[in-house]
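First the structure, in the form of structure tokens, and then the observations on it.
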Amino acid sequence: MISAHYADAPAVAVSCQNESGATEAEDLAYIEKESCRCRLRKVVGQDCGAFSDVKVTGALKNDDEVWEGVVTREIDASADDIWEMLGKFAQMKRWNENAEVCEVIEGKEDEPGCVRYCAGGGTAPDGSPLRWVKEKLLTMNAAERRMTYCMLESSYGFEGYRAYLQITPVSTDHPPFRNISSSASNRSVIVWHFHLNAIPNTTPSKLLYSMGSIFDSMMSSLERSLRPQLQPCGAYTIYNSHFKIPQNAELESHRGA
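Numbering (our numbering), first residue to last: 127 to 383.
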């Protein structure tokens with residue numbers, strides 16, 4: 127049985143301003159499962175938070191409703207060791223057990239502007255991959271262990287998707303989740319921060335649950351690649367194809383610790 131804890135969302139230090147300079151943001155959902163924490167909120171406008179210096183042509187309009195998500199995950203490894211894996215934009219197969227294909231199809235690997243194609247989750251009856259994505263690297267900062275990228279095409283049907291990924295030593299007092307408990311000095315926290323256009327006929331809780339499960343599974347795979355003695359924890363159900371997500375009744379059954 128999947129166990130997730132829904133609670134009041136802690137404060138997130140992300141600003142978003144409309145044309146008049148007023149903040150427009152609304153908390154939508156929060157999920158916590160062991161060392162993985164997820165939150166989603168609604169914002170309006172293009173130049174928001176971690177992406178204030180990143181422009182994606184045609185991705186968002188000023189009056190679009192945008193869902194801004196933040197997922198954090200503790201990893202029992204140093205930030206440098208994690209970046210050695212995650213910082214290779216097109217080498218996901220090194221650490222992600224579910225990645226069947228990951229290759230550069232445009233540009234030079236690890237340089238802004240390069241495009242990667244990743245696929246996994248098996249194949250459809252016609253032989254095509256069930257889950258695939260084309261993503262473009264926007265910025266890369268190895269010194270600060272962070273990158274930003276956007277989704278060009280995918281099987282998920284997302285629009286206006288941009289993501290920001292950063293690895294930080296767990297002892298650092300960082301937003302959006304401060305004071306994540308840890309007794310080990312060699313632990314790190316990975317922050318995945320994403321924007322996408324609101325999805326019709328999909329509730330924020332459904333989206334956040336699915337995104338959290340995917341990210342947590344990927345980070346568990348990464349942790350096992352760094353520490354081979356670890357076994358799959360089964361903390362989340364994995365949704366492999368076409369943005370399959372649990373129904374409301376299933377979500378309700380997971381409320382409570």
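Glycine residues also receive a C-beta, built at the ideal position from the N, C-alpha and C atoms.
query, result
"Checking the sheet assignment: what are the DSSP bridge partners for Thr249?", "Pro255"
"Mind checking if Asp153 is an interface residue toward chain B, Cβ cutoff 8 Å exclusive?", "Within the model displayed, chain B is absent; a lone protein chain is all it includes."
"Mind checking which residues open and close the beta strand (DSSP E) that includes Lys159?", "151 to 159"
"Can the beta-carbon of Ile201 be found less than 8 Å from the beta-carbon of Ile316?", "yes"
"Suppose you measure from the CA of Thr198 to the CA of Leu348; what does that come to, to the nearest Å?", "14 Å"
"Which same chain residues, not among the five before or five after Ala225, have their C-beta less than 7 Å away from its C-beta?", "Met218, Lys219, Cys244, Gly246"
"Among Thr265, Leu334, Glu270, which residue has its Cα nearest to the Cα of Leu154?", "Leu334"
"Give a yes or no on whether the C-beta atoms belonging to Cys240 and Glu232 are separated by under 8 Å.", "yes"
"When DSSP labels each residue in this structure, what does Lys168 get in the three-state scheme?", "strand"
"Under 8 Å, do Tyr290 and His319 count as touching if we go by C-beta distance?", "yes"
"Excluding five sequence neighbours on each side, which residues of the same chain lie with their C-beta closer than 7 Å to the C-beta of Glu235?", "Phe215, Ala216"
"Judging by CA-CA distance, which residue of Ala250, Glu237, Met337, Leu166 is the nearest neighbour of Trp193?", "Leu166"
"Considering only residues of the same chain and omitting the five flanking positions on each side of Gly248, which have a CB-CB separation below 6 Å?", "Leu256"
"Can you tell me the Cα-Cα spacing of Cys164 and Ile293, whole angstroms?", "16 Å"
"How many whole angstroms separate the CB atoms of Arg271 and Trp209, which I take to be in contact at a CB cut-off of 8 Å?", "4 Å"
"How many Å lie between Leu352 and Met337 at the Cα?", "23 Å"
"Counting C-beta neighbours from all protein chains within 10 Å, is the total for Pro326 16 or more, i.e. buried, or is it exposed?", "exposed"
"Give me the residue from Ser280, Pro238, Ile340, Asp252 with the minimum Cα distance to Trp258.", "Ser280"
"So what's Ala324 in DSSP terms, helix, strand or just coil?", "coil"
"Quick check: Pro295 and Met266, are their CB atoms within less than 8 Å of each other?", "no"
"Just curious, the alpha helix (DSSP H) that Tyr350 is in, first and last residue?", "Rather than Tyr, the amino acid found at residue 350 in this sequence is Arg. Element bounds for Arg350: 330 to 352."
"For Glu384, which of helix, strand or coil comes out of DSSP?", "For residue 384 there is no data in the structure shown, the boundaries of the chain being 127 and 383."
"Does DSSP put Lys219 in a helix, a strand or coil?", "helix"
"What does a CB cutoff of less than 6 Å around Tyr287 pick up in its chain, not counting 5 residues either side in sequence?", "Met277, Leu322"
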